[in-house]
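Trainee:
In structure tokens:
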């Protein structure tokens, strides 16, 4: 779920000046159910491709230490909310939602693969295709038993308060998938970030509840390898959503949350494997009412990817028309930050993506980042929404962040 009130949807995006940005148009959308070929448009033919979106990994001009690719977009309407997973064999998986528009019944989850040693992402294939529901915010994860999981909300068109949690599993690294299963009926349960073992052998999935006029964060915990889930609320998190959680070196859990007020990233802590949480407190990091993601690096540092902008700092543009005109926090730059003290301070920051000319022509920005550091790879991998036109993959090293930090 993105920058909107519960029960409705609108486009994500940054901003700059007081200028009207035309609304986007809808297109036909994909619908396929397993990794067996490219998703296709509603008229049966492939979506018209943008030549830049070829999935080829290339050095960034002027900074060859950065590798980047724009993944193919099966449908030109909307590509958003990427999730990354590094497999034990060295392959990298990326899932996101794609279709005419967020909340549309023809918007589904798609998956692409970057094989180990390859320089090009595979053509995306659709992994969900419920004709009556919109399927969004996919999360990829690998259980300790090796099973790859796809988890995603599924809701009635443009009504996130009806969301339920759907899962699919794969025992061959995401090449074939079991049939979808409703893992949690909700209603209104949404996810954004991947699960983790909180230290007691269970599986903790950060989540949030969408109810009419209200949202708050929660976690779902499974003690039977994902067969069943029990919910535990994060007290005091009204208006704070999409938690991302890591285990700290002392065994406690740190959660960072997106703020609907577009002020700052907020933090919560658990000392009992996620069953109870401290009240949220604002951190030093700005938040623009967009998603963030945390991960632990082999060096011991925590890495966070987020937009270094907020309304609190006066970083916004005007969007909408007439009485609907409003301030919207920028969704640029997209920034990587490092913490050497388990998330208490973030002294190392470097921008991964800054506004370009194309950004100035749209209400949309660089948002919803995913972040992984695969076991067999010495690099950090990010995937994020590039102006909602495509998912962009960027690969850097930890040293790149520290050497160029602001």
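Residue numbers (our numbering): 32 to 437.
Backbone N, C-alpha and C fix where the C-beta goes; we use that ideal spot for every residue, glycine too.
Nothing here was measured: the structure is a model prediction, and the numbers come from that model.
(1) Between the C-alpha atoms of residue 113 and residue 354, what's the straight-line distance to the nearest angstrom?
(2) Residues in the same chain with beta-carbon distance under 7 Å from residue 49, minus the five sequence neighbours each way, listed in chain order, please.
(3) Taking the CB atoms as reference points, tell me whether residue 151 and residue 86 lie closer together than 7 Å.
(4) Please list, in chain order, all residues of the same chain as residue 101 whose beta carbon is under 6 Å from its beta carbon, the five residues on each side excluded.
(5) Return the bridge partner residues of residue 173 from the DSSP annotation.
(6) Tell me the DSSP bridge mates of residue 261?
(7) With DSSP run on the structure shown, which of helix, strand or coil describes residue 433?
(8) Just how far apart, CA to CA, sit residue 312 and residue 399?
(9) Can you give, in chain order, each stretch of the alpha helix (DSSP H) that sits fully within the region 372-415 and has at least 4 residues?
(10) Using three-state DSSP, classify residue 332 as helix, strand or coil.
(11) Should residue 250 go down as buried or exposed, given a rule of 16 or more other Cβ atoms within 10 Å for buried?
(12) For residue 191, which of helix, strand or coil comes out of DSSP?
(13) Going by DSSP, what residue range makes up the beta strand (DSSP E) through residue 84?
(14) Contact between the region 328-335 and the region 258-272: three or more CB pairs below 8 Å?
(15) Report the three-state DSSP secondary structure of residue 305 (helix, strand or coil).
(16) Please state if the CB of residue 225 and the CB of residue 305 are separated by a distance shorter than 7 Å.
(17) Mapping the DSSP letters down to three states, classify residue 322 as helix, strand or coil.
(18) Excluding the five sequence neighbours on either side, which residues of its own chain have a C-beta within less than 6 Å of the C-beta of residue 437, listed in chain order?
(19) Which of the three DSSP states is assigned to residue 354 in this structure?
(20) Indicate the three-state DSSP secondary structure (helix, strand or coil) for residue 54 in the structure shown.
(21) Do residue 111 and residue 130 come within 7 Å of each other at the CB atom, strictly closer than that value?
(22) Can you list, in chain order, the residues of its chain with a C-beta nearer than 6 Å to that of residue 64? Leave out the 5 residues immediately preceding and following it.
(23) Tell me whether residue 94 sits in a helix, a strand or coil according to DSSP, three-state version.
(24) CB residue 365 to CB residue 390, shorter than 7 Å?
(25) Assign residue 280 to buried or exposed, taking buried as 16 or more other Cβ atoms, counted over all protein chains shown, within 10 Å of its Cβ.
(26) Under a three-way DSSP split, which group does residue 281 fall into?
(27) Along the chain, where does the beta strand (DSSP E) that runs through residue 315 open and close?
(28) Applying the criterion that 16 or more other CB atoms from any shown protein chain within 10 Å of the CB defines a buried residue, is residue 242 buried or exposed?
(29) Let me check one thing: in DSSP terms, what residues is residue 418 bridge-paired to?
Mentor: In short:
(1) Answer to the nearest angstrom: the Cα atoms are 33 Å apart.
(2) Note that residue 49 scores a pLDDT of 30, beneath 50, so its modelled location is shaky; the value from the coordinates is reported in the next line. Exclusion of the five residues before and after residue 49 leaves 349 as the residues of its chain whose Cβ lies within less than 7 Å of its Cβ.
(3) By the CB criterion at 7 Å, residue 151 and residue 86 fall inside the cutoff.
(4) Leaving aside the five residues that flank residue 101 on each side, the residues in its chain whose CB is nearer than 6 Å to its CB run, in chain order, 83, 84, 421 and 423.
(5) Residue 173 pairs with 179.
(6) Residue 261 pairs with 252.
(7) In the structure shown, residue 433 sits in a helix (DSSP, three-state: H, G or I).
(8) Whole-angstrom Cα-Cα distance: 22 Å.
(9) Runs of alpha helix (DSSP H) with 4 or more residues, each lying fully within the region 372-415, are found at 388-391, listed in chain order.
(10) The three-state secondary structure of residue 332, taken from DSSP, is coil.
(11) Buried.
(12) The DSSP-derived three-state label of residue 191 is helix.
(13) Looking at the DSSP string, residue 84 is not in any beta strand (DSSP E), and its letter there is neither H nor E.
(14) Below 8 Å, too few C-beta pairs join the region 328-335 and the region 258-272 to call them touching: fewer than three.
(15) Of the three classes helix, strand and coil, the one that applies to residue 305 here is coil, per DSSP.
(16) One thing to note: residue 305 has its Cβ no nearer than 7 Å to the Cβ of residue 225.
(17) Three-state result, residue 322: coil.
(18) Excluding positions up to five away in sequence, the list reads 380.
(19) DSSP places residue 354 in helix when its eight states are reduced to three.
(20) Caution applies to residue 54, whose pLDDT of 31 falls short of 50 and renders its modelled position unreliable; the value that the coordinates give is listed next. Three-state DSSP puts residue 54 in coil, outside helix and strand.
(21) With respect to residue 111, residue 130 sits apart: the two C-beta atoms are not nearer than 7 Å.
(22) Because residue 64 carries a pLDDT of 33, less than 50, the predicted location of this residue cannot be relied on, and no value is offered for it.
(23) Three-state DSSP puts residue 94 in a strand.
(24) No; because the gap between Cβ atoms is not below 7 Å, this pair is not in contact.
(25) Burial call: exposed.
(26) When DSSP states are grouped into helix, strand and coil, residue 281 belongs to the coil group.
(27) Bounds of the beta strand (DSSP E) holding residue 315 are 312-317.
(28) It counts as exposed.
(29) According to the DSSP secondary-structure assignment, residue 418 is paired through a beta bridge with no residue.
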